[in-house]
Amino acid sequence: MTFLKRGLTRRRVLQTGMAGIIGTGVAPMVFTRGAWAQENFCNNPTGDTVTFGLNLPLTGAYAEEGADEQRAYELAIAHLNGEGDGGLLNVLTPSALKGNGILGKKVGFVSSDSQTKSDVARAGATRMIERDGAIMITGGSSSGEAIAVQGLCQEKGIIFMAGLTHSNDTTGKDKRRYGFRHFFNAYQSGIALGPVLGEQYGSQRRAYHLTADYTWGWTQEESIKAATEALGWETVATVRTPLGSTDYSQYLTPILNSGADVLILNHYGLDMVNSLPQAVQFGLRDREANGKQFQIVTPLISELMAKGAGESVRGIFGTSNWHWNLQDAGSIAFTKSFGAAYGSPPSQAAHTAYVQALLYADAVERAGTFYPPEVIKALEGHEFDGMGNGPTLYRADDHQCMKSVLVVQGNEAPTSEFDVLNVVQEVGRDTTTYDPSIFGGELGPAEPAPLC
Amino acid sequence: MFEVIFLQFLNGLDKGAAYALIALGLTLVFGTLGVVNFAHGALFMLGAFCAVTVRMVLTMETVTIDPEKLSPWGTPLEVREPLMQAWLGDFGAVLVNYSVPFSILITIPIMLVVGIALERGIIKHFYKRPHAEQILVTFGLAIVAQEVIKSIFGPNPIPQPMPTDLRGAADIGAWLGMQANIITYPIWRLVYFLFAAVVIGAVFAFLQFTTFGMVVRAGMADRETVGLLGINIDRRFTIMFGLAAVVAGVAGVMYTPLLPPNYHIGMDFLVLSFVVVVVGGMGSLPGAVAAGFMLGILQSFASMNQVKAIFPGIDQIIIYLVAVVILLVRPRGLMGRRGVMEA
Chain A
10 MTFLKRGLTR RRVLQTGMAG IIGTGVAPMV FTRGAWAQEN FCNNPTGDTV TFGLNLPLTG
70 AYAEEGADEQ RAYELAIAHL NGEGDGGLLN VLTPSALKGN GILGKKVGFV SSDSQTKSDV
130 ARAGATRMIE RDGAIMITGG SSSGEAIAVQ GLCQEKGIIF MAGLTHSNDT TGKDKRRYGF
190 RHFFNAYQSG IALGPVLGEQ YGSQRRAYHL TADYTWGWTQ EESIKAATEA LGWETVATVR
250 TPLGSTDYSQ YLTPILNSGA DVLILNHYGL DMVNSLPQAV QFGLRDREAN GKQFQIVTPL
310 ISELMAKGAG ESVRGIFGTS NWHWNLQDAG SIAFTKSFGA AYGSPPSQAA HTAYVQALLY
370 ADAVERAGTF YPPEVIKALE GHEFDGMGNG PTLYRADDHQ CMKSVLVVQG NEAPTSEFDV
430 LNVVQEVGRD TTTYDPSIFG GELGPAEPAP LC
Chain B
167 MFEVIFLQFL NGLDKGAAYA LIALGLTLVF GTLGVVNFAH GALFMLGAFC AVTVRMVLTM
227 ETVTIDPEKL SPWGTPLEVR EPLMQAWLGD FGAVLVNYSV PFSILITIPI MLVVGIALER
287 GIIKHFYKRP HAEQILVTFG LAIVAQEVIK SIFGPNPIPQ PMPTDLRGAA DIGAWLGMQA
347 NIITYPIWRL VYFLFAAVVI GAVFAFLQFT TFGMVVRAGM ADRETVGLLG INIDRRFTIM
407 FGLAAVVAGV AGVMYTPLLP PNYHIGMDFL VLSFVVVVVG GMGSLPGAVA AGFMLGILQS
467 FASMNQVKAI FPGIDQIIIY LVAVVILLVR PRGLMGRRGV MEA
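In the order they appear, the protein sequences are chains A and B.
Mapping of the first sequence onto the working numbering: residues 10 to 461, in sequence order.
Mapping of the second sequence onto the working numbering: residues 167 to 509, in sequence order.
Rendered as structure tokens:
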């Protein structure tokens, strides 16, 4: 009991022992906790491949966009794996992409037809996450789908790189930490289109809205209504039409004698491909009202819709996220790659899909891990260029890309079946940037990363 | 206000004509063969795709590569020349322009053959089976037809332009001596309404004023007695199935300029046409036509902003609401006969 005589009581020995065990056993875990978490997350790719989950509306109102997105994703994946001409990998700055997959793993994909329905989109995403081990979900051409799927991805701890979604809510009141949007939104459409409409049609106009009855339509109507009323226009009526409607005649007849001299079609995809020609068939563009020529405006328009609507789209104003005929290095490179692969120029849906796939891959390379919270950090506040929209910021506050927006007009004298829209004006990022707090919402936490 | 109401009424007639035309074929099959034909929408869709095919043939092009010119993506430019105009000159151009009406001539024999083959090959085996089994087999047929069309033509709608002379709107107000541009309506929709009226009238006249029609009507009333008289009523009913397929097919052809057809177009109309048939009274031809027009007009008026201000969303439910009320008040529908679909 010599030790005891030196003041080392049995209690002291036990305390020292316990401290030693804690010191040597547990303390290192403080330093390695992140590393442990980075190995245990949803669908951590352990083999030599990594799988993207493509959630695409291959049927339904936005089927054309879905098909073009699929082509773009397949092209992006080929380029990420070092196949083809490399496309935008050659012009993205800064870039950590090497053309050898992502972190050395070959990129593959699984896909699901969302049918342009939110519930089907969510079910498809769930299946791709739980059954197919998708590390990232991307795609969609409807804001209803985007909001449903990004909510799911937040629960599962899977990053969602949205495809074509234009509702303010996607990165507004329904924004999520795991959701990112490259595409512009309805508010930015209003900012860009308002002044052009004022210049073209004056300040004394009476507008009648037909609006697709879901989140995108509502926010599109709200945004364009605010923009035109700021010009001095009066809103005669706002009428909701079900998404996927085919016959608009009963909604068009009341416009004829409503006192309106502008019809604003807050429709997209097949809805617009149906509603715009029907509005023209009703003779709206041949009419005079209030002593002015009647006009039709489509706040969001794409090449695919313009092609589908045929001659009806000629002379009509709208906004787009991107156009294949832009002459910057990124747009030229992408149009060349896509055209060579598929024999037609890419749509704005294809462009945003392709860019989102590359931006995710680049963020993983920069983060050095697939661990979603680290990838999120790499994307938040990231500045990049070369993707066809000028210098672009992935804003950290709402995960919305801040970049230029195009005002386009239906081509009056197309020279080919692809030459359907003209870029009238490129509205710069300084003009289209807005305060993220105006739409509310909370991103939510990145960590702890949920385990699916 | 008169113009507003008149326009909605006109729109209702236009919608009603489409509903009545589709429901007519459906009730024709039910009235003669007693079969609940869920493949009727698919027949409408097949007719629409006859028009698509005819236009594809008429607009075939020769493709040559011009190595001097490049596409925006750097490949040699394809130069396309229309074949029909090269072969037939101005007549070729007229054929292309009027491809939709021209398609009717091709569609009638095709749909007649399809209808007769369908009845002889499959439907006849289900005459004495319960309605539930008839519904299952015809619904299955509809899905098969849909998938075949989808695999050939793809999932997306294929626009069919109307003839250039029939585009735009007619100034009906000016025709009636009113101020110009007050009551205007798309010319093709008026054409569709007239077409539907002619087809419906022709079917009724065929049944009313021909010996064949008289026998069919007698067979609808009492099949066994007509058979005992030595008349091959089955053969006549087979032809009636073919006739119903033709009516559905030509309805589909003429609808293509109003709604670009895709593989699903038949299903979009199927539910609605069943509601029309049930409201009209199962097996009653005048009932189906009356119900088609009534529901079309009601739906059009329910879409007026003044009505929706009082009953929001009424335009989406009016048809089903009216169906419920009518079936509560008149369980056999507007003109339904006793004993039809009643155990």
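Even glycine gets a Cβ: it sits at the ideal position worked out from N, Cα and C.
Note that this is a predicted model, so its numbers are computed, not measured.
>> Measuring alpha carbon to alpha carbon, tell me which residue in B/Ala371, B/Thr350, B/Val413 and B/Pro275 is nearest B/Leu190.
In response: As a first step, residue 190 of chain B must be located in the second sequence, where it is residue number 24. Of B/Ala371, B/Thr350, B/Val413 and B/Pro275, the residue nearest in Cα terms is B/Val413.
>> Taking 9 angstroms as the threshold (beta carbon to beta carbon), is B/Asp434 in contact with chain A?
In response: For the purposes of this step, residue 434 of chain B is taken as the residue at position 268 of the second sequence. For B/Asp434, the answer is yes, since a Cβ of chain A falls inside 9 angstroms of its Cβ.
> Can you list the beta strand (DSSP E) stretches of 3 or more residues lying completely in the region 392-477 of chain B, in chain order?
Replying inline: Annotation note: the region 392-477 of chain B contains no uninterrupted beta strand (DSSP E) run of length 3 or greater.
> Nearest-angstrom Cα distance between A/Asp442 and A/Pro454?
Replying inline: As a first step, residue 442 of chain A must be located in the first sequence, where it is residue number 433. As a first step, residue 454 of chain A must be located in the first sequence, where it is residue number 445. Inspection of the sequence shows that residue 442 of chain A is occupied by Thr rather than by Asp. Whole-angstrom Cα-Cα distance: 25 angstroms.
>> Once the 5 residues before and after A/Pro37 are set aside, which same chain residues still bring their CB inside 7 angstroms of it?
In response: For the purposes of this step, residue 37 of chain A is taken as residue 28 along the first sequence, with counting starting at 1. Reliability of the predicted coordinates at A/Pro37 is poor, the pLDDT of 49 falling under 50, and no value is obtained from them.
>> Measuring alpha carbon to alpha carbon, tell me which residue in A/Ala221, A/Ala76, A/Asp122 and A/Ala81 is nearest A/Gln365.
In response: What you label residue 365 of chain A is simply residue 356 of the first sequence in a count that begins at 1. When A/Ala221, A/Ala76, A/Asp122 and A/Ala81 are compared, the shortest CA-CA separation from A/Gln365 is found for A/Ala81.
>> Assuming the contact rule is C-beta atoms closer than 8 angstroms, A/Pro382 and A/Glu456 should be a hit. Round their C-beta distance to whole Å, please.
In response: Position 373 of the first sequence holds residue 382 of chain A. Position 447 of the first sequence holds residue 456 of chain A. The pair is a contact, with the Cβ atoms about 5 angstroms apart (cut-off 8 angstroms).
> Apart from the five residues on each side of it in sequence, which residues of its chain come closer than 6 angstroms, Cβ to Cβ, to A/Thr41?
Replying inline: The sequence position of residue 41 of chain A within the first sequence is 32, counting from 1. Low per-residue confidence applies at A/Thr41: pLDDT is 46, beneath 50, and the placement is therefore not dependable enough to give any value.
>> Just to confirm my understanding: we take A/His391, look at its own chain, exclude 5 residues before and 5 after, and list those with CB closer than 6 angstroms. What are they?
In response: The residue labelled residue 391 of chain A in the question sits at position 382 within the first sequence. Taking C-beta separations shorter than 6 angstroms and ignoring five residues to either side along the sequence, the partners of A/His391 in its chain run Tyr403, following chain order.
>> Less than 8 angstroms separating the Cβ of B/Gly462 from some heavy atom of the ligand ADP?
In response: By its list of ligands, the structure shown contains no ligand whatsoever, and the ligand ADP lies outside what it can speak to.
>> Classify B/Phe467: buried if its beta carbon has 16 or more other beta carbons within 10 angstroms, exposed otherwise.
In response: Against the second sequence, residue 467 of chain B aligns to sequence position 301. Here B/Phe467 is buried. Its C-beta has 16 or more other C-beta atoms within 10 Å.
> Of all Cβ atoms in chain B, is any one closer than 9 angstroms to the Cβ of A/Pro286?
Replying inline: Here residue 286 of chain A is taken as the residue at index 277 of the first sequence, counted from 1. Cβ-Cβ to chain B under 9 angstroms: yes for A/Pro286.
>> Among B/Thr219, B/Ser469, B/Val490 and B/Gly447, whose alpha-carbon lies nearest the alpha-carbon of B/Thr193?
In response: Residue mapping note: residue 193 of chain B aligns to position 27 of the second sequence, counting from 1. Per the Cα distances, B/Gly447.
>> Within the continuous beta strand (DSSP E) that includes A/Asn275, where are the two ends?
In response: Translated into positions along the first sequence, residue 275 of chain A becomes position 266. That run of the beta strand (DSSP E) goes Val271 to Asn275.
> Taking 9 angstroms as the CB-CB limit, is B/Pro325 close to chain A?
Replying inline: Position 159 of the second sequence holds residue 325 of chain B. Residue contact with chain A for B/Pro325: present (Cβ-Cβ distance below 9 angstroms to some residue of chain A).
>> I need the boundaries of the alpha helix (DSSP H) containing B/Pro267, first residue and last residue.
In response: Position 101 of the second sequence holds residue 267 of chain B. According to the DSSP assignment, B/Pro267 belongs to the alpha helix (DSSP H) that extends over Ser265 to Gly287.
> With 16 other CB atoms within 10 Å as the buried threshold, where does B/Tyr358 fall?
Replying inline: Walking along the second sequence from the start, residue 358 of chain B turns up at place 192. Burial call: buried.
> Can you tell me where the alpha helix (DSSP H) with A/Tyr210 in it begins and where it stops?
Replying inline: Counting from one through the first sequence, the residue named residue 210 of chain A turns up at place 201. It spans Ala195 to Tyr210 - the alpha helix (DSSP H) in which A/Tyr210 sits, taken as one unbroken run.
> Quick one: Cα of A/Glu78 to Cα of A/Ile156, how far?
Replying inline: Walking along the first sequence from the start, residue 78 of chain A turns up at place 69. Walking along the first sequence from the start, residue 156 of chain A turns up at place 147. One C-alpha to the other measures close to 18 angstroms.
>> Taking the straight line between their C-alpha atoms, what separation do you get for B/Val220 and B/Ser265?
In response: Here residue 220 of chain B refers to the residue found at position 54 when the second sequence is read from its first residue. Here residue 265 of chain B refers to the residue found at position 99 when the second sequence is read from its first residue. Take the alpha-carbon of B/Val220 and the one of B/Ser265: they are about 7 angstroms apart.
>> Measuring straight from C-alpha to C-alpha, what distance separates B/Met250 and A/Glu312?
In response: Residue 250 of chain B sits at position 84 when you count from the first residue of the second sequence. Residue 312 of chain A sits at position 303 when you count from the first residue of the first sequence. Those two C-alpha atoms are separated by around 28 angstroms.
> Is A/Ala298 buried or exposed, if buried means 16 or more other CB atoms sit within 10 Å of its CB?
Replying inline: Along the first sequence, read from residue 1 onward, the residue named residue 298 of chain A stands at position 289. Buried, by the Cβ-count rule.
> Nearest to A/Glu92 by alpha carbon, out of A/Ala76, A/Val289, A/Gly117 and A/Leu63?
Replying inline: Taking the first residue of the first sequence as 1, we reach residue 92 of chain A at position 83. Nearest to A/Glu92 by C-alpha distance, out of A/Ala76, A/Val289, A/Gly117 and A/Leu63, is A/Gly117.
> Under 9 angstroms between C-beta atoms, does A/Leu67 make it to chain B?
Replying inline: To locate residue 67 of chain A, count along the first sequence from 1; it is residue 58. Answer yes: the Cβ-Cβ gap between A/Leu67 and chain B drops below 9 angstroms somewhere.
>> Check whether chain A comes within 9 angstroms of B/Trp253, counting only Cβ atoms and requiring the distance to be less than that.
In response: For the purposes of this step, residue 253 of chain B is identified with residue 87 of the second sequence, where counting begins at 1. Using a Cβ-Cβ cut-off of 9 angstroms, B/Trp253 does not count as an interface residue toward chain A, since no Cβ of chain A sits closer than that to its own.
>> What does the alpha-carbon distance come out to for the pair A/Thr328 and B/Pro352?
In response: Here the question's residue 328 of chain A lines up with position 319 in the first sequence. Here the question's residue 352 of chain B lines up with position 186 in the second sequence. Going from the Cα of A/Thr328 to the Cα of B/Pro352 covers about 28 angstroms.
> Between the region 328-344 of chain A and the region 398-418 of chain A, do three or more beta carbon pairs fall short of 8 angstroms?
Replying inline: They touch, by the three-pair rule.
> Is the distance from the Cβ of B/Gly379 to the Cβ of B/Leu209 below 9 angstroms?
Replying inline: For this step, residue 379 of chain B is matched to residue 213 along the second sequence. For this step, residue 209 of chain B is matched to residue 43 along the second sequence. Going by beta carbons, B/Gly379 and B/Leu209 fall outside the 9 angstroms limit.
>> Are the CB atoms of B/Leu254 and B/Leu243 within a distance shorter than 9 angstroms?
In response: Indexing the second sequence from 1 puts residue 243 of chain B at position 77. Indexing the second sequence from 1 puts residue 254 of chain B at position 88. Contact flag unset, no.
>> Going by DSSP in three states, B/Thr235 sits in which element: helix, strand or coil?
In response: Sequence index remark: in the second sequence, residue 235 of chain B carries index 69 (1-based). First, the amino acid is wrong: residue 235 of chain B is Lys here, not Thr. In the structure shown, B/Lys235 adopts extended strand secondary structure according to DSSP, grouped into three states.
> Exposed or buried, A/Arg277, counting other C-beta atoms within 10 Å across all chains shown (16 or more means buried)?
Replying inline: Start at 1 with the first residue of the first sequence, and residue 277 of chain A comes out as number 268. One point to set straight first is that residue 277 of chain A is Tyr, not Arg, in the sequence displayed. Looking at its Cβ environment, which holds 16 or more other Cβ atoms inside 10 Å, A/Tyr277 is buried.
> Which residue or residues does DSSP assign as beta-bridge partners of A/Ala298?
Replying inline: Counted from its first residue, the first sequence places residue 298 of chain A at position 289. In the DSSP output, where bridge partners are listed per residue, A/Ala298 has A/Lys301.
> Do A/Thr228 and A/Asn266 have their C-beta atoms within less than 9 angstroms of each other?
Replying inline: Here residue 228 of chain A is taken as the residue at index 219 of the first sequence, counted from 1. Here residue 266 of chain A is taken as the residue at index 257 of the first sequence, counted from 1. No, the pair does not count as a contact, with Cβ atoms beyond the cut-off.
> Do the CB positions of A/Glu389 and A/Ala405 come within less than 9 angstroms of each other?
Replying inline: Start at 1 with the first residue of the first sequence, and residue 389 of chain A comes out as number 380. Start at 1 with the first residue of the first sequence, and residue 405 of chain A comes out as number 396. In this structure, A/Glu389 places its C-beta atom within 9 angstroms of the C-beta atom of A/Ala405.
>> The alpha helix (DSSP H) that contains A/Met495, what's its start and end?
In response: Nothing in the structure corresponds to residue 495 of chain A, since chain A is present only between 10 and 461.
> Relative to chain B, which residues along the region 250-263 of chain A have a C-beta separation below 7 angstroms, given in chain order?
Replying inline: Cβ contacts with chain B come from Pro251, Thr255, Asp256, Ser258, Gln259, Tyr260, Thr262 and Pro263.
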